[in-house]
Each structure stands twice: as structure tokens, then as C-alpha cells.
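According to the numbering used here, the sequence shown is numbered sequentially starting from 20. Backbone N, C-alpha and C fix where the C-beta goes; we use that ideal spot for every residue, glycine too.
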Amino acid sequence: MAISSIMKKEKEKETEDVSDAQWRNFRANLLILTLVFAIFALFANSLRALFSLKAKGMSLVWLFISLAYLSYLHGACFGYDYHWAHQDPIFDQQERSGQKDKFSFSIYLSYLLYAPVYIAGPIISFNAFASQLDMPQNNYTVRDVSCGLWKLLSPMDIFIIGYGVLNFMWLKFSLIWRYFRFWSLICGIEAPENMPRYLYIPLGGSRRKLLNIWVIFTFVAIWHDLEWKLLSWAWLTCLFFIPEMVVKSAANTLKVESAFGEFLFRELSAAAGAITITCLMVANLVGYVIGPSGINWLLSQFLTRQGLPVMGGMFITFYVGTKLMFHIDDAKQRKR
């Protein structure tokens with residue numbers, strides 16, 4: 020009785036949780052991930068120490084453990100669905116059992132090696148995968164419907180929600196990415212936070228930054244997913260970076276000597292920084308929230324009588340924040 024009540028409360032919490040689906044999934048499986056991470060690292064490091072393995076030996080160990088882990092996960096999912104398909108369920112299932120003729124070796128193998136599922140783990144069950152082989156899904160979600168609610172918000176509400184969403188996304192990606200980087204570090208492999216050697220440096224580095232950022236950001240967008248939202252994010256980000264790079268190039272060319280000139284340059288740099296921050300926020304909202312079709316609506320909301328004061332407040336806030344970062348950088352340089 021107590022167990023059933025606890026499970027009921029957990030289900031109620033899950034239904035009331037309206038946070039990001041990716042973060043919710045990561046948070047719910049954090050305990051299992053940590054257990055797998057510990058076993059993975061312990062087993063690999065033990066083999067390295069026991070047999071004094073070098074590069075070739077450890078590469079085989081990584082390949083074997085990774086393939087065995089992924090195959091086990093997909094195999095367990097297939098086994099559960101196959102078992103439930105032959106039983107009379109006595110509990111509420113989240114998915115209807117698939118037809119028994121779907122449990123063939125060829126479909127099982129395609130599920131096991133299906134590239135998106137193979138790379139990211141068992142993000143869908145076997146039943147869901149097999150059922151969509153006959154009828155590909157194209158449903159509108161609650162998220163698509165809720166996006167329309169943005170049009171009913173005031174400019175201040177849009178700014179608060181948008182700013183909160185962007186901060187949450189940054190924190191979510193930082194935690195998820197650094198969790199797996201920590202996993203790699205424990206196993207003795209350092210995955211760098213930034214890797215400019217394969218694109219940025221071969222394309223010319225800082226000497227051709229104005230051109231190579233378009234290639235790099237487009238590559239990053241396509242690498243994550245081929246959709247217009249991410250491509251819009253990449254191209255808008257590059258477009259908004261151009262004024263900043265032009266100003267920096269002019270500042271390096273024209274050396275300021277007088278105190279008034281230095282003061283004026285610093286004020287203009289802070290104003291340019293505030294504009295860049297605002298533009299990059301718009302680019303990220305377009306890429307991850309409203310999509311390219313929402314650009315005109317977003318701009319129209321802030322170019323109204325209600326929106327202009329909000330935009331002015333945003334600009335002043337980011338201007339002060341940029342000035343504060345200038346002072347922090349100056350303090351760090353003085354300590355050196």
C-alpha cells in the first residue's frame with residue numbers, strides 16, 4: 020500500500036513537471052548514468068593497469084565496452100517489449116504492445132543499429148520504433164501549441180521568459196556536457212572544451228575570422244540537426260558578430276592616445292557590447308524557441324509603445340554589465 024502511494028506521488032510529480040524534456044530525461048536517469056559511469060571507468064582502468072595496455076589495446080577496450088553497453092541497452096528494451104507482447108499486462112503501460120510479427124530478427128537488427136538511436140542510446144522503445152516503420156509519425160505536440168501563447172504576452176513578459184529560457188538552456192547544456200566530460204576524465208581521456216584545430220585554424224584562424232565563422236557555425240548547426248531553426252541561429256549569430264569584429268579591427272588600427280579619446284572609445288565599446296548581447300539573445304531565441312518564422316513577430320512586439328521602454332531597459336542593463344566586465348578584465352590584467 021505504501022509503495023503504491025509513493026509510486027502514485029512520483030507519477031503526479033512527473034505529470035506536473037513542465038521543464039525541458041532533455042533536462043528532465045537526464046535528471047531522471049542520473050542515478051543509472053552514474054552507476055554505469057562508475058562501472059565503465061572501474062572496468063576500463065582496471066584493464067589498463069592489469070595488462071599495461073597502450074594505445075592500441077585501450078582503443079579495443081573502449082570499442083568493446085561501448086558496443087557491449089549500447090547493444091545491452093537495446094537488447095534489454097527489445098526483450099521487455101517482446102515479453103510484454105506475450106503477456107496480459109496487469110499494469111498501465113505507457114505504450115501499447117506491438118504486433119507479434121514485428122519481433123523479427125531483421126527489425127530487431129535495424130533497431131539495434133539505427134544510427135540516431137545507436138548514437139544517443141535507447142531514446143525510444145522497440146515498440147515505438149517498429150510501429151513507425153509502417154506509419155511515420157508527424158504529430159503536433161503540446162510544445163507546438165504552447166508556442167502560440169507567446170503572442171499573448173507583453174514585451175516585458177517576453178523578455179523575462181526569453182532571458183530565463185536562455186539561462187536555463189546554458190545551464191542545462193553545461194551540466195549535461197560537463198557530466199560526460201567528467202566521465203571521460205575519470206577514464207584518463209581529456210576531451211577539450213574547445214577544438215579549433217580542425218576547422219578554425221585550417222580556415223585561417225583570426226586572420227580570416229570574418230569569413231570562416233560562416234563555415235564553422237553552419238557546420239555546428241548541421242552537425243546538431245539539419246533544420247531551419249538551427250541554420251537561422253548559425254547565420255544570425257555570424258551576422259551579429261560582424262559589427263563587433265569591424266569595431267575591434269578599427270580599434271586595433273586606430274590607436275587612441277588622449278584620455279578623452281580613450282574614454283569615448285570605452286563608452287562606444289560598451290554600447291556596441293550591449294547591442295551585440297541583445298542581438299545574440301535574439302539569435303538564440305530564434306534558433307531554440309520561436310524559429311525563423313517568429314522573427315518578425317518578436318521585433319514587432321518590441322517596436323511598440325509598450326516595447327520601446329523595455330528595449331531601453333534591456334540596453335541600459337547590458338551596457339552596465341559590459342562596463343562591469345571591462346573593469347573585471349582590467350583588474351585581472353593588473354594582477355598579472
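- Secondary structure at E246: coil, using DSSP grouped into helix, strand and coil.
- The residue from L322, F279, M333 with its alpha-carbon nearest to that of M300 is M333.
- Between V80 and L86, the CB-CB gap reaches or exceeds 8 Å.
- In this structure, the beta-carbon distance from W252 to A302 falls below 8 Å.
- Cβ-Cβ distances below 7 Å link Y127 to F97 in the same chain, with the five nearest sequence neighbours on each side left out; the list follows chain order.
- Taking a C-beta distance under 8 Å as the contact criterion, I195 and F45 qualify as a contact pair.
- The continuous alpha helix (DSSP H) containing R285 extends over residues 278 to 304.
- For F122, the three-state secondary structure derived from DSSP is coil.
- Here C257 is near W233, since their CB atoms are less than 8 Å apart.
- In this structure, F178 sits away from V305, with a CB-CB distance that is not shorter than 8 Å.
- Within the segment 174 to 244, the complete alpha helix (DSSP H) segments of 4 residues or longer fall at 174 to 205, 228 to 243, listed in chain order.
- Secondary structure at Q320: helix, using DSSP grouped into helix, strand and coil.
- Per DSSP, the unbroken alpha helix (DSSP H) holding Y338 starts and ends at 326 to 354.
- Between F56 and W202, the gap from beta carbon to beta carbon is short of 8 Å.
- Taking every protein chain shown into account, the CB of D100 has 16 or more other CB atoms within 10 angstroms, so this residue is buried.
- For K75 and E209, the gap between their C-alpha atoms comes out near 17 Å.
- Cβ contact annotation for W247 (same chain, cutoff 6 Å, sequence separation greater than five): P311, in chain order.
- Membership of S65 in the alpha helix (DSSP H) is indicated by the continuous run 49 to 70.
- Under the three-state reduction of DSSP, K267 is assigned to helix.
- A check of alpha carbon separations from S225 across K267, G207, R285, L255 identifies K267 as the nearest.
- In the structure shown, K75 falls within a helical segment according to DSSP collapsed to helix, strand and coil.
- Taking the C-beta atoms as reference points, P174 is found nearer than 8 Å to Q325.
- Take the alpha-carbon of A68 and the one of I58: they are about 15 Å apart.
- F321 and F279 have their C-alpha atoms some 34 Å from each other.
- F282 and A63 have their C-alpha atoms roughly 57 Å apart.
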